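S.K.: Following this message is one structure expressed as structure tokens.
So this is what it looks like as structure tokens:
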């Protein structure tokens with residue numbers, strides 16, 4: 071009986087501890103799987119089987135039916151397919167773009183020294199503010215932007231040069247990362263107006279640009295710490311051998327950072343895939359994404375749980391597949407970023 | 003370089019401007035091509051431009067919007083500059099009850115909590131004074147933290163008090179994250195043991211993170227249904243079959259928090275598990291040889307190694323959690339009344355009522371709040387990490 075409480079080796083838990091561990095882990099797994107199970111069986115229920123009280127086991131409690139699948143995939147199949155393709159295109163391209171742009175910025179922040187003059191930054195902000203005020207006051211925005219750019223270039227070589235104070239890499243990194251703090255709701259109206267002026271509303275481009283911008287901070291944050299953990303010597307010797315910066319980045323640094331890249335990519339992909347608020351503002355018919363399809367099932371007749379479940383299942387299947395395939399990378403990739411903080 | 007192609011001209015302009023903006027200090031002795039010299043700027047410019055285009059410019063414009071009243075008159079949009087009117091309406095005027103809630107004299111427990119907070123803040127300031135100079139940053143931060151604590155105590159720990167959207171948001175963030183961290187850590191500790199079949203748990207525990215928050219909202223609405231949901235027998239057994247989430251403020255808030263907990267504990271779990279598995283074996287072995295029990299090993303060996311990870315993890319989640327909207331929007335529609343409404347949802351509701359200036363003002367208050375908490379957190383953390 072005593073052996074039950076004693077472990078065979080210091081690193082193997084005793085049978086008693088193992089039992090308790092399994093009980094707790096199993097309990098949490100149940101808490102996670104039961105809602106998913108409910109989602110799954112609801113997708114096969116007739117409206118009556120949902121509305122007349124809880125039925126738990128298919129073929130015993132209720133007769134499963136494919137009516138919801140038929141509705142989603144055949145009756146409104148054109149819409150579903152369009153939204154699904156929108157989601158795939160937007161999420162994949164924004165995640166890829168964010169990864170490319172963000173990781174090169176993160177690389178630059180760990181390997182080069184930047185010293186933007188404080189004066190330049192101030193002048194720039196003033197010029198942006200000027201453009202905003204001019205365009206709000208009724209000046210055509212093209213003109214306002216042109217004036218602001220001209221003023222910026224002129225003052226860049228005159229006023230801004232006089233300031234001696236300069237910012238450093240940490241300031242730039244902090245600035246990039248702090249963009250994540252910004253709640254989307256704070257900028258969504260101006261973004262809407264900008265895309266309206268550029269006639270890009272309800273297109274993939276609008277969503278992709280917005281998603282890239284909102285997810286860049288995460289990429290910079292995670293990848294910067296990842297690049298810091300990669301030794302610099304390798305690159306130095308490649309540089310002496312005459313490789314260009316771009317070649318070093320593409321052929322030495324990126325392959326070394328693969329776990330970080332994969333994890334970050336998946337992370338950003340999930341964010342883009344599931345995003346609802348911004349896509350609600352920026353699209354209305356053509357470029358709608360799947361989360362909107364889910365919400366649209368909450369019609370005047372009340373929520374159509376069966377259609378909703380089917381849509382959610384369609385949405386999560388690809389992501390879960392990827393997550394399971396890349397599970398090892400997720401942990402490793404996120405970790406290096408997190409350790410250095 | 004040949005004839006002046008328009009792109010080339012643009013390119014040269016870009017390099018001149020970028021060189022005036024960023025100067026590269028490293029490796030000047032190596033003979034390098036023009037492209038090579040522009041490399042640092044080329045690496046970072048795309049990111050800077052995207053962020054400028056989509057963040058800085060809209061942020062400034064939002065600031066302007068929050069200071070104006072916008073009217074839609076017959077297809078035309080009219081801007082009227084109203085200075086701080088939108089903010090005044092929120093902080094002092096007709097919207098004050100929604101934002102701050104109803105305040106009342108705190109109960110004894112509330113007073114005790116408040117005293118504890120005041121003591122802590124005073125100690126923090128005194129410590130700052132001792133290290134030289136007048137700690138203006140700390141005094142300002144303490145004033146704000148004290149005010150927020152008063153708000154929390156006067157709405158949550160009082161007889162007639164009722165929390166507004168500000169307190170509800172903070173409740174979701176701080177209580178939610180604490181619970182998520184503790185549960186995530188507990189599960190990670192269990193999963194880090196050498197248990198057969200733990201890969202199964204790792205994969206299963208990851209799943210909720212992958213579901214769209216909108217889907218989680220509807221899923222939990224199904225589960226929380228006391229008549230048709232799967233938990234109906236439980237509600238009947240408890241005599242709660244006529245209970246409605248839509249009518250009970252705390253019930254609705256707890257439902258939102260459970261949904262958030264369900265979705266985001268996996269994030270804590272997966273990163274903490276990786277940290278636990280990445281820790282060195284030798285210190286643990288040494289501790290075992292020295293006869294330490296498992297609590298001592300956790301407290302003095304494991305915890306210090308996962309503390310930096312935890313700090314970043316909590317910061318990421320804090321920033322994200324302040325922006326919560328989908329879950330309360332779908333699950334409870336912010337109701338009953340505004341009981342489960344978060345600041346983002348509030349801004350969204352006001353926006354739908356076409357008060358765009360007011361919406362921008364709420365968004366700015368939220369931005370200020372998140373920035374403030376993130377900075378206090380980072381500062382406190384840095385002091386902690388440097389001193390130990």
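Residue numbers (the working numbering), protein chains in the order written: chain F, 71 to 411; chain C, 3 to 390.
No residue lacks a Cβ here, since even glycine has one placed at the ideal position from N, Cα and C.
Note that the structure is predicted; figures quoted are calculated from it, not measured.
#1: Identify every residue that forms a DSSP beta bridge with residue 82(C).
#2: Do you know whose CA, among 59(C), 288(C), 191(C), lies nearest residue 273(C)'s CA?
#3: Output the distance between the C-alpha atoms of residue 298(F) and residue 387(F), rounded to the nearest integer angstrom.
#4: Tell me whether residue 103(C) sits in a helix, a strand or coil according to DSSP, three-state version.
#5: Tell me the rounded alpha-carbon separation between residue 65(C) and residue 318(F).
#6: Looking at the C-beta of residue 30(C), does it have a partner C-beta in chain F at a distance below 8 Å?
#7: Please state the DSSP three-state secondary structure of residue 165(C).
#8: Could you tell me the alpha carbon to alpha carbon distance between residue 158(F) and residue 42(C), rounded to whole angstroms?
#9: Starting from the beta carbon of residue 358(C), find every residue of chain F whose beta carbon is closer than 7 Å, and list them in chain order.
#10: Against residue 286(F), what residues of chain C qualify as contacts under a CB-to-CB distance less than 7 Å, listed in chain order?
#11: For residue 381(C) and residue 184(C), I'd like the C-alpha separation in whole angstroms.
#12: Which residues of the region 300 to 330 of chain F have a Cβ closer than 8 Å to any Cβ of chain C? Give them in chain order.
#13: Less than 8 Å between CB atoms is the rule here; does residue 368(C) satisfy it with respect to chain F?
#14: How is residue 373(F) classed by DSSP in three states: helix, strand or coil?
#15: When you check each C-beta in the region 214 to 231 of chain C against every C-beta of chain F, which residues fall closer than 8 Å?
#16: Please state whether DSSP places residue 132(F) in a helix, a strand or coil.
#17: Expressed to the nearest angstrom, what Euclidean distance is found between the alpha-carbon atoms of residue 87(C) and residue 259(C)?
#18: Using the three-state DSSP reduction, which class does residue 129(C) fall into: helix, strand or coil?
#19: DSSP state of residue 388(F), grouped into three classes?
#20: Less than 8 Å between C-beta atoms, sequence neighbours within five positions excluded: which residues of the same chain meet that for residue 194(C)?
#21: Report the option in 300(F), 132(F), 306(F) whose CA atom is closest to the CA atom of residue 325(F).
#22: Please list the segments of the alpha helix (DSSP H) lying wholly inside the region 323 to 388 of chain C, counting only runs of 4 or more residues, in order along the chain.
#23: Under the rule that 16 or more other beta-carbon atoms within 10 Å means buried, what is residue 186(C), buried or exposed?
#24: Assuming residue 168(F) contacts residue 285(F) (C-beta within less than 8 Å), just tell me the rounded distance between them.
#25: For residue 353(C), tell me which candidate among 73(C), 330(C), 44(C) has the shortest Cα-Cα distance.
#26: Please confirm if the region 334 to 348 of chain C is in contact with the region 227 to 241 of chain F, defined as three or more CB-CB distances below 8 Å between the two stretches.
#27: Quick one: what does DSSP say residue 176(F) is sitting in, helix, strand or coil?
#28: So, helix, strand or coil for residue 108(C), using DSSP?
#29: Identify which residue in 113(C), 145(C), 137(C) has its Cα closest to the Cα of residue 161(C).
#30: Could you check whether the Cβ of residue 89(C) sits closer than 8 Å to any Cβ belonging to chain F?
#31: Which residues does DSSP list as the beta-bridge partners of residue 236(F)?
#32: Can you tell me whether residue 328(F) is buried or exposed, with buried defined as 16 or more other CB within 10 angstroms of its CB?
#33: To the nearest angstrom, how far is it from the Cα of residue 134(C) to the Cα of residue 128(C)?
#34: Return the Cβ separation of residue 293(F) and residue 334(F) in integer angstroms, given the expectation that the two are a contact with Cβ distance under 8 Å.
#35: Among 111(C), 140(C), 115(C), which residue has its Cα nearest to the Cα of residue 124(C)?
#36: Can you tell me which of 395(F), 195(F), 389(F) puts its alpha carbon nearest to the alpha carbon of residue 412(F)?
M.R.: According to the data block:
#1: Within the second chain, numbered from 1, the residue matching residue 82(C) stands at position 80. Paired residue(s): 71(C).
#2: Within the second chain, numbered from 1, the residue matching residue 273(C) stands at position 271. With distances taken between Cα atoms, residue 273(C) lies closest to 191(C).
#3: The residue given as residue 298(F) occupies position 228 in the first chain. The residue given as residue 387(F) occupies position 317 in the first chain. Answer to the nearest angstrom: the Cα atoms are 35 Å apart.
#4: Numbered from 1 along the second chain, position 101 holds the residue referred to as residue 103(C). Residue 103(C): strand per DSSP, three-state reduction.
#5: By 1-based counting over the second chain, the position of residue 65(C) is 63. By 1-based counting over the first chain, the position of residue 318(F) is 248. Computed Cα separation, rounded: 42 Å.
#6: As a first step, residue 30(C) is located in the second chain; it is residue number 28 there, counting from the start. The predicted position of residue 30(C) is uncertain, since its pLDDT is 43 and thus under 50; no value can be drawn from it.
#7: The residue you call residue 165(C) lines up with position 163 of the second chain. Reduced to three states, the DSSP call for residue 165(C) is strand.
#8: Reading the first chain from its first residue, position 88 is the one you call residue 158(F). Reading the second chain from its first residue, position 40 is the one you call residue 42(C). Roughly 33 Å between the two C-alpha positions.
#9: If you number the second chain from 1, residue 358(C) lands on position 356. Chain order gives the chain F residues near residue 358(C) as 259, where near means a beta carbon separation below 7 Å.
#10: The residue given as residue 286(F) occupies position 216 in the first chain. What residue 286(F) touches in chain C: 49, 52, 53.
#11: Here residue 381(C) refers to the residue found at position 379 when the second chain is read from its first residue. Here residue 184(C) refers to the residue found at position 182 when the second chain is read from its first residue. One C-alpha to the other measures close to 23 Å.
#12: 309, 314, 315, 316, 319
#13: Position 366 of the second chain, counted from the start, is the residue given in the question as residue 368(C). It does; some Cβ of chain F falls within 8 Å.
#14: Sequence index remark: in the first chain, residue 373(F) carries index 303 (1-based). The answer is strand: DSSP assigns residue 373(F) an E or B state.
#15: 214, 215, 216, 217, 220, 221, 222, 223, 224, 225, 229, 230, 231
#16: Here residue 132(F) is taken as the residue at index 62 of the first chain, counted from 1. Strand, per DSSP.
#17: Here residue 87(C) corresponds to residue number 85 of the second chain, with the count starting at 1. Here residue 259(C) corresponds to residue number 257 of the second chain, with the count starting at 1. So the two alpha carbons sit approximately 34 Å from each other.
#18: Taking the second chain and counting its residues from 1, one reaches residue 129(C) at position 127. It is helical.
#19: Stepping through the first chain from its first residue, residue 388(F) is reached at position 318. The answer is helix: DSSP assigns residue 388(F) an H, G or I state.
#20: Residue 194(C) sits at position 192 when you count from the first residue of the second chain. Result list for residue 194(C): 275, 278, 279, in chain order.
#21: Taking the first chain and counting its residues from 1, the one referred to as residue 325(F) is at position 255. Considering only alpha carbons, the answer is 300(F).
#22: 328 to 333, 345 to 354
#23: Position 184 of the second chain, counting from 1, holds the residue named residue 186(C). Residue 186(C) counts as buried, since no fewer than 16 other beta carbons sit within 10 angstroms of its beta carbon.
#24: What you label residue 168(F) is simply residue 98 of the first chain in a count that begins at 1. What you label residue 285(F) is simply residue 215 of the first chain in a count that begins at 1. At roughly 5 Å, the Cβ-Cβ gap stays under 8 Å, so residue 168(F) and residue 285(F) are in contact.
#25: Taking the first residue of the second chain as position 1, residue 353(C) is located at position 351. Selected option, being the one with the closest Cα: 73(C).
#26: No contact exists between the region 334 to 348 of chain C and the region 227 to 241 of chain F.
#27: Counting from one through the first chain, the residue named residue 176(F) turns up at place 106. It is helical.
#28: Residue numbering aside, residue 108(C) sits at position 106 when the second chain is read from its first letter. In the structure shown, residue 108(C) sits in a strand (DSSP, three-state: E or B).
#29: As a position in the second chain, residue 161(C) is number 159, starting the count at 1. Checking every option, the nearest Cα to that of residue 161(C) belongs to 113(C).
#30: Residue mapping note: residue 89(C) aligns to position 87 of the second chain, counting from 1. No, residue 89(C) does not count as interfacial toward chain F.
#31: The sequence position of residue 236(F) within the first chain is 166, counting from 1. Answer is 187(F), bridged to residue 236(F).
#32: Residue numbering aside, residue 328(F) sits at position 258 when the first chain is read from its first letter. By the neighbour-count rule (16 or more Cβ atoms within 10 Å), residue 328(F) is not buried but exposed.
#33: The residue you call residue 134(C) lines up with position 132 of the second chain. The residue you call residue 128(C) lines up with position 126 of the second chain. One C-alpha to the other measures close to 10 Å.
#34: To locate residue 293(F), count along the first chain from 1; it is residue 223. To locate residue 334(F), count along the first chain from 1; it is residue 264. At roughly 6 Å, the Cβ-Cβ gap stays under 8 Å, so residue 293(F) and residue 334(F) are in contact.
#35: The sequence position of residue 124(C) within the second chain is 122, counting from 1. Among 111(C), 140(C), 115(C), the Cα nearest to that of residue 124(C) belongs to 140(C).
#36: With chain F covering only 71 through 411, there is no way to say anything about residue 412(F).
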